[in-house]
Amino acid sequence: MIGLRTQMLTATAGEAVMAHRFNEYKPWKGPIPGRNNGVLIAKEAGTTTGYSLDKLQDRGFFFVDPGEEVYKGMIIGENSKPGDLVVNANEGKKLTNMRASGSDAATNIAPKTLMTLEECMEYIQHDECIEVTPNFIRMRKVYLDEEDRKKFSKMMKIEEA
Numbered sequence: 136m137i138g139l140r141t142q143m144l145t146a147t148a149g150e151a152v153m154a155h156r157f158n159e160y161k162p163w164k165g166p167i168p169g170r171n172n173g174v175l176i177a178k179e180a181g182t183t184t185g186y187s188l189d190k191l192q193d194r195g196f197f198f199v200d201p202g203e204e205v206y207k208g209m210i211i212g213e214n215s216k217p218g219d220l221v222v223n224a225n226e227g228k229k230l231t232n233m234r235a236s237g238s239d240a241a242t243n244i245a246p247k248t249l250m251t252l253e254e255c256m257e258y259i260q261h262d263e264c265i266e267v268t269p270n271f272i273r274m275r276k277v278y279l280d281e282e283d284r285k286k287f288s289k290m291m292k293i294e295e296a
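Count along the sequence shown starting at 1, add 135, and that's the number in the numbering used here.
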């Protein structure tokens, strides 16, 4: 049933109703298929800015809004292509005295995608986890540091060979 609910709601444009009940355990049927796209990972801790999220919108969609606190290794969105991408969502606009006409247009950022705990469980991969607090449900990488993630992925490739 993991992953079925999201696919069914997408296929029926949100019109389907689904109920489920645990019946029994079954033998292992193989790996559960995951998502095809990678994620957008916060490069450093800080507060997200509308300027940086506006510049990153073509990379994918976000799970955070401008002004939210993020930390290094936190998943802040889904990449539109396969593979994970580390991005700086905290970058502010350079403040100079030089202005060009039309360059200071208002940002038009798509609203963030809200996910329930069940949807997060369907979404995460083997190198990701869910952080549940009284106020937030966040997804993050198991290894927050980018160098540690690279070492872990190399180690996993060696074990597979």
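Yeah, the Cβ is synthetic: ideal placement off N, Cα and C, and Gly gets one too. Small disclaimer: the values here were computed from a predicted structure and weren't measured.
From K161, N270, S288 and L249, pick the residue whose C-alpha is nearest to that of Y278; which is it? The shortest C-alpha to C-alpha distance from Y278 to any of K161, N270, S288 and L249 is the one to S288.
Do E297 and N223 have their C-beta atoms within less than 8 Å of each other? Residue coverage of the chain in this structure runs from 136 to 296, which leaves residue 297 outside it and unanswerable.
Let me know if K183 comes out buried or exposed under the rule of 16 or more other beta-carbons within 10 Å of its beta-carbon. For the record, residue 183 in the displayed sequence is Thr; it is not Lys. The C-beta of T183 has 16 or more other C-beta atoms within 10 Å across all chains shown, which makes the residue buried.
I believe R194 touches N171 by the beta-carbon criterion, under 8 Å. Please report the beta-carbon distance rounded to the nearest angstrom. Not a contact, Cβ separation roughly 16 Å.
Quick one, are the C-beta atoms of G218 and G149 less than 8 Å apart? In this structure, G218 lies away from G149, with their beta-carbon atoms at least 8 Å apart.
Under 8 Å by Cβ, that's how I've got G212 and L175 pegged, so tell me the actual separation to the nearest angstrom. Between L175 and G212 the Cβ distance is about 4 Å, and since that is below 8 Å, they are a contact.
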